[in-house]
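Have a look at the structure below before the remarks.
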Amino acid sequence: MLSNLQQQPADALLALIKLHNADPRADKIDLGVGVYRTGQGDTPVFAAIKAAERKLVEEQDSKAYLGPEGDMAFVEALMPYVFGKDTADMGGRIEGMQTPGGTGSLRVALAMAKRAGIERIIVGVPSWPNHAQICADLGLAVVEFNHATTGGRTDMEALGTALGRAGERDAILLHGCCHNPTGIDYSHAEWDEIAHLVAEAKVLPILDLAYQGLGNGMEEDAYGVRRVLVAVPEALVSYSCDKNFGLYRDRVGALYVMAAVPEDLPRMMSNGHMLARANWSQPPDHGAAAVREVLADEALTAQWLDELDQMRERMRQVRAKLAAAGTAGAVDLTPLGGQNGLFSIVPLSKDQVLEMREKHGIYMAGSGRINVAGLTMGNIDKFIAAVADVTG
Ligand code: PMP
């Protein structure tokens with residue numbers, strides 16, 4: 001029976017990591033894998049998380065099961081950061097549950113939407129490939145619209161057209177900030193318009209917030225999510241702490257459900273809990289417990305926010321340096337200066353991406369996506385020269 005299984009394509013980025021590891025060149029550059037790196041090329045554990053982990057080792061007195069909803073003190077501690085101090089639960093209309101990363105949250109959000117009767121998910125493309133993959137696995141149809149124009153702006157017209165055609169069984173999946181892979185985010189004015197359009201189209205918004213704090217700051221990066229939530233009766237918010245707390249492999253995330261009235265929440269959350277049980281029973285505890293410790297302690301919270309500021313500042317410096325280079329061969333690097341988060345797309349053909357790798361030892365996704373945190377003041381000139389070389 002199992003021999004009926006068809007070969008599935010390998011994850012392109014994981015294959016790239018293998019190639020990078022096998023490359024003997026000392027000055028090779030990895031711009032593929034999506035983790036933050038310091039100016040020295042490391043992805044360290046946040047000092048605030050280390051301190052929280054030490055506390056956990058000392059103080060945790062049981063590892064007994066918590067339940068499918070996970071660590072609710074963690075889930076609730078995050079809410080003021082996501083939804084705003086004064087509107088942390090929108091008058092009792094928002095409740096959450098812990099999930100294994102943002103991926104686990106999206107899995108439950110999309111499955112919950114399907115159970116509610118949603119049939120199609122409207123997604124701006126390109127998007128994080130797992131969005132389409134999860135939809136396909138759940139039997140949800142994906143309706144695509146162009147996220148950005150060829151000029152590198154968000155394509156509000158395409159978004160408006162997609163929403164204009166939407167029906168009552170449609171949901172729209174939006175990146176809250178730091179769009180992956182383009183780095184092209186909506187402005188505040190555009191979010192205002194989106195909130196209005198989504199409300200008018202009466203589609204269910206599913207907001208994916210995987211990089212809060214990596215764009216323009218914790219508050220600024222939540223603008224779009226908060227703006228949409230005040231405009232609509234119901235929404236799902238998928239949250240990841242894996243980037244902004246540097247917890248990637250510990251798989252820390254949360255799903256928040258906003259209901260039209262508080263009385264609906266227990267019924268909705270019972271579906272989330274059932275889906276958790278059917279998928280992983282209970283989320284892994286450690287990373288979320290560490291986040292809870294950080295958020296429960298003023299000094300650790302300040303330290304975490306400071307570390308996050310440094311990450312963001314470094315990515316801004318890299319972006320500023322790329323933008324200052326102006327054009328590299330046939331590529332205009334200036335737009336990268338105004339983009340947000342870990343990722344941007346450098347418009348290279350598949351052959352040029354290959355040449356970057358083979359001739360220059362620079363590893364990037366086939367789409368031309370780069371992790372800007374893979375660039376340092378020590379290797380950025382080599383990168384710019386290589387772009388000029390392969391496109392010149
Ligand atoms: N959404 C987007 C847009 C992402 O880029 C990612 C991760 N790269 C996720 C969700 C999921 O993150 P996690 O690692 O927490 O599952």
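Position one of the sequence shown corresponds to residue 1 (UniProt numbering), numbered consecutively onward.
Don't be surprised by glycine CBs; every beta carbon is placed ideally from N, CA and C.
Bear in mind the structure is a predicted one, so any value in this text is a computation, not a measurement.
Item                                                                                                                : Value
Three-state class that DSSP yields for D23 in the structure shown                                                   : coil
Neighbourhood of D27 by C-beta, 8 Å cutoff - its chain only, sequence neighbours within 5 removed                   : G361, N379, K382
Identity of the residues DSSP links to A222 by a beta bridge                                                        : BP columns for A222 are empty, so no partner.
A210: CB within 8 Å of a non-hydrogen atom of ligand 1                                                              : yes
Bridge partner(s) assigned by DSSP for N371                                                                         : F343
When P68, L265, L236 are compared against L255, the one with the closest alpha-carbon                               : L236
Nearest neighbour of Q310, chosen from L295, N371, F245, E76 [CA to CA]                                             : F245
Residue 394 classed as buried or exposed, judged by whether at least 16 other C-beta atoms fall within 10 angstroms : Outside the displayed range of the chain (1 to 392) lies residue 394, so it cannot be described from this structure.
Beta carbon of residue 395 nearer than 9 Å to that of I206                                                          : Within the shown structure, residues of the chain are numbered from 1 to 392, placing residue 395 beyond reach of any answer.
Cβ-heavy atom distance, D242 to ligand 1, below 8 Å                                                                 : yes
Secondary structure of E58, DSSP reduced to three states                                                            : helix
With 16 other Cβ atoms within 10 Å as the buried cut-off, status of D40                                             : Asp is not the amino acid found at residue 40; the sequence shown has Gln there. Exposed, since its Cβ has fewer than 16 Cβ neighbours within 10 Å.
Paired residues, beta bridge with G92 - DSSP                                                                        : For G92, which the question treats as bridged, DSSP gives no partner whatsoever.
Beta bridge counterpart(s) of N146 as assigned by DSSP                                                              : V125
Cβ contact (3+ pairs, closer than 8 Å) linking the stretch 129-137 and the stretch 102-113                          : yes
Euclidean distance between Cα positions of F46 and E168                                                             : 44 Å
Limits of the unbroken beta strand (DSSP E) element including S105                                                  : First-last for S105: 101-116, but that is the alpha helix (DSSP H), not the beta strand (DSSP E).
Sufficient close CB pairs (3 or more, under 8 Å) joining the stretch 277-290 to the stretch 313-327                 : no
Ligand 1 heavy atom lying under 8 Å from the CB of G253                                                             : yes
Short Cβ contact (9 Å threshold) for T365 with L16                                                                  : Note that residue 365 is Ala in the sequence shown here, rather than Thr. Result yes, Cβ atoms of A365 and L16 sit closer than 9 Å.
Selected residue, minimal CA-CA separation from G213, among R277, G92, F83, L308                                    : L308
Cα-Cα separation between A48 and L173, rounded to whole angstroms                                                   : 32 Å
Helix, strand or coil at Y81 according to DSSP, with G and I counted as helix                                       : helix
beta-carbon W280 near ligand 1 non-hydrogen atom, thresh 8 Å                                                        : no
Check: S127 C-beta below 8 Å from any heavy atom of ligand 1                                                        : yes
Residue span of the beta strand (DSSP E) that contains G253, given as start and end                                 : 252-258
For V35, the nearest candidate out of A373, G104, M269, D185 (CA to CA)                                             : A373
Span of the alpha helix (DSSP H), counted from its first residue to its last, around D306                           : 298-325
Between the CA atoms of Y239 and P181 - distance to the nearest angstrom                                            : 17 Å
T182: CB within 8 Å of a non-hydrogen atom of ligand 1                                                              : no
Closer than 8 Å: L106 CB and nearest ligand 1 heavy atom                                                            : yes
Contact between the stretch 90-110 and the stretch 274-285 (3+ Cβ pairs under 8 Å)                                  : yes
8 Å contact criterion, which G338 and A320 should meet: CB distance rounded                                         : Actually they do not touch by this definition, with Cβ atoms about 10 Å apart.
Cβ separation of V291 and V257, assumed to be a contact under 8 Å, to the nearest whole Å                           : With 8 Å as the limit, V291 and V257 do not qualify as a contact, their Cβ atoms being about 20 Å apart.
Rounded Cβ spacing between V82 and A222 (contact assumed at less than 8 Å)                                          : 6 Å
For T154, the residue or residues it bridges with in DSSP                                                           : A148
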